[in-house]
Amino acid sequence: TVDIGLNFMTGFFKDGLQVMRERLIVWNYLRTWFALDVLSTFPWFLLSGDDSSANTSTLKFTKVGKFLRMVKLLRIMKLSSLLASVEDVLHTPM
């Protein structure tokens, strides 16, 4: 999805410093959230077959996919609260 592409261009913080070097951003994303993002966007419904045992197996994979999407949503919610905190600090009068 678009989110995966944007994460390859989004900097990160390391030891309190913002890192914006493209090679380091790509490496950091691949080591951290990339696998979860790919698994959570995988079209699990394509794995369904006509066999009932295959459907049971597919159902388990579908549940895993839904769980991974929930983890991703929790990550987005955490980011949202972090951004709200930063906004509060920036709008605080000095």
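Numbering-wise, the numbering used here puts 28 at position 27 of the sequence shown, and it's gapless, one number per residue. Glycine residues also receive a C-beta, built at the ideal position from the N, C-alpha and C atoms. Computed from a predicted structure; not experimentally measured.
Which of helix, strand or coil DSSP assigns to Phe9: The residue you call residue 9 lines up with position 8 of the sequence shown. In the three-state DSSP reduction, Phe9 falls in the coil class, being neither helix nor strand.
Lys67 versus Leu40 - alpha carbon distance: As a first step, residue 67 must be located in the sequence shown, where it is residue number 66. As a first step, residue 40 must be located in the sequence shown, where it is residue number 39. Whole-angstrom Cα-Cα distance: 10 angstroms.
Where the alpha helix (DSSP H) containing Trp28 begins and where it ends: By 1-based counting over the sequence shown, the position of residue 28 is 27. Bounds of the alpha helix (DSSP H) holding Trp28 are 23-32.
Contact set for Glu88: own chain, Cβ-Cβ below 8 angstroms, skip 5 residues either direction: Walking along the sequence shown from the start, residue 88 turns up at place 87. Same-chain partners within the cutoff: there are none.
Neighbour-count burial assignment, Leu75, 16 or more Cβ in a 10 Å radius: For the purposes of this step, residue 75 is taken as the residue at position 74 of the sequence shown. Classification of Leu75: exposed, given that the 10 Å Cβ count is below 16.
Same chain only: Cβ atoms within 8 angstroms of Met21, ignoring 5 sequence neighbours per side: As a working mapping, residue 21 is identified with position 20 in the sequence shown. Cβ within range, chain order: Gly12.
Beta carbon proximity, Gly17 to chain C, threshold 8 angstroms: In the structure shown, chain C cannot be found, because there is only a single protein chain.
Cβ-based neighbour list, Tyr30, same chain, cut-off 7 angstroms, excluding 5 preceding and 5 following: As a first step, residue 30 must be located in the sequence shown, where it is residue number 29. By the criterion of a C-beta distance shorter than 7 angstroms, Tyr30 is surrounded in its chain by Asn8, Phe9, once the five residues flanking it on both sides are discounted.
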